[in-house]
Amino acid sequence: MKLSRFALCAVAALCFASPVAPAGEDIPVQVSVINRFAPGGQTRFGDLEFLGGLQFTSPDRRLQSLSSIRFRRDGERFVSVLDTGHWLTGRIRRDGEGRLSGLAELSVDPMRIRGGRIGTKYNTDAEGLALRDGEALVSFEQLHRVDVYPDPGFEASGPLRTLPLPIPRREFRMNGGMETVAVSPKDSPLGGAPIVITEESLDDKGNMFAAVLEGPLKGVFKVVRHDPYNATDGAFLPNGDFLLLERRFSFLTGLGMRIRRLKGEDIRPGAVVDGEVLLDADMRYAIDNMEGLDVIAGPDGRPHVIIVSDDNGNMIQRNIMLEFRLNR
1297 MKLSRFALCA VAALCFASPV APAGEDIPVQ VSVINRFAPG GQTRFGDLEF LGGLQFTSPD
1357 RRLQSLSSIR FRRDGERFVS VLDTGHWLTG RIRRDGEGRL SGLAELSVDP MRIRGGRIGT
1417 KYNTDAEGLA LRDGEALVSF EQLHRVDVYP DPGFEASGPL RTLPLPIPRR EFRMNGGMET
1477 VAVSPKDSPL GGAPIVITEE SLDDKGNMFA AVLEGPLKGV FKVVRHDPYN ATDGAFLPNG
1537 DFLLLERRFS FLTGLGMRIR RLKGEDIRPG AVVDGEVLLD ADMRYAIDNM EGLDVIAGPD
1597 GRPHVIIVSD DNGNMIQRNI MLEFRLNR
């Protein structure tokens, strides 16, 4: 969900138009390095250690509104979906010490719906992305569904099929649907099945609807919502635990984000799942509207967590990419 729904007047006053790169060409990007995440330069936050980050912008107005990010197995190339109905692909660059230093080969393509037609905002409001062998799974809100695209080839193709959803349709909220879709490790209790977690589609106790979409554990579960936080993305760790990225916003307190760790063995039909908070940050930290999270294998043998922000296409927010090492 775009944060601009909370601040339409301020955002509308600052939105701007800019040139678009020709089709098939890499879009230009300007990058600055983020060396400090926390006040005072703190780098350790329990089990998480800040490694570095980037702030990036482009004169091409399509580089905006990142909703989710997934890295290829090389930990360098990535695919992202934008809630403007676009794909973003590219790769990260690192310096001699292995820290994030830049972005390269960025390309933006419109998402297509059935029949190969380019979609509208209503039918391609992409919020979540997951990659598995030969497929890219995308969750959409407004027109709630999880579509499966070919991978490679998603840029020029409509979906191959739509996955059945265990969550009753009546439970989805217009701008609070399936904010994340993620594929579990094949050797985990879920056996490689994808899951979805909603943002503000809540049961009568205020828990977020979620579901396992395939396999013997297919069915609905719930995730405890701690007001005022809403889910924005998530990814599985190699051991089957799940990292959930959450965001809060108010005009009084500003933006905040946190990461919760849900135990993999707790995710099953009928369960109500909660987890340990690994990181909680407010506007004193180098954050913005954090919307995407993925886990990659670090060269040090530990999982690295990369999170990205959604600038909503306006000048008062920033595109940010941050990297942390998970030490447990």
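Take the sequence shown: its letter number 40 is residue 1336 in our numbering, and every next letter is one higher.
Ideal Cβ placement from N, Cα and C applies to all residues, glycine included.
query, result
"Alanine 1582, DSSP secondary structure in three states", "coil"
"Residue environment, serine 1546, which counts as buried when at least 16 other CB atoms sit within 10 Å", "exposed"
"Reference isoleucine 1491, options Gly1597, Ala1478, Lys1501, closest by Cα", "Ala1478"
"Nearest neighbour of serine 1361, chosen from Val1604, Ser1497, Asn1608 [CA to CA]", "Asn1608"
"Selection from Asp1343, Ser1364, Glu1345, Thr1339 that minimises the alpha carbon distance to glutamate 1587", "Ser1364"
"9 Å Cβ cutoff met for isoleucine 1388 and leucine 1618", "no"
"Of the listed residues Gly1424, Pro1448, Lys1514, nearest to methionine 1474 (C-alpha basis)", "Gly1424"
"Cβ contact (3+ pairs, closer than 8 Å) linking the segment 1396 to 1407 and the segment 1370 to 1385", "yes"
"Among Ala1400, Leu1402, Gly1412, Arg1441, nearest to tyrosine 1418 - alpha-carbon criterion", "Arg1441"
"Backbone secondary structure at aspartate 1606 - three-state DSSP", "coil"
"Span separating the alpha-carbon of aspartate 1562 from that of proline 1462", "18 Å"
"Coarse secondary structure for proline 1460, derived from DSSP in three states", "coil"
"Cβ-Cβ separation, proline 1481 to glycine 1488 (assumed contact under 8 Å), whole Å", "7 Å"
"Which of helix, strand or coil DSSP assigns to leucine 1614", "Looking at the sequence shown, residue 1614 is not leucine but arginine. Three-state result, arginine 1614: coil."
"Whether arginine 1366 touches alanine 1422 by CB criterion (9 Å)", "no"
"Delimiting residues of the beta strand (DSSP E) encompassing proline 1490", "1490 to 1498"
"Sub-9 Å separation of proline 1595 and glycine 1394 beta-carbons", "yes"
"Three-state secondary structure (DSSP) of proline 1595", "coil"
"Identity of the residue in Gln1351, Gly1336, Thr1494, Gln1326 nearest aspartate 1606 by Cα", "Gln1351"
"3-residue-minimum beta strand (DSSP E) runs that sit fully inside the segment 1360 to 1429, ordered along the chain", "1362 to 1367, 1373 to 1378, 1382 to 1390, 1396 to 1406, 1422 to 1428"
"Range of the contiguous beta strand (DSSP E) that encloses asparagine 1526", "1526 to 1532"
"Terminal residues of the beta strand (DSSP E) in which glutamate 1572 lies", "1572 to 1577"
"Distance between arginine 1466 and arginine 1564 (C-alpha atoms, nearest Å)", "22 Å"
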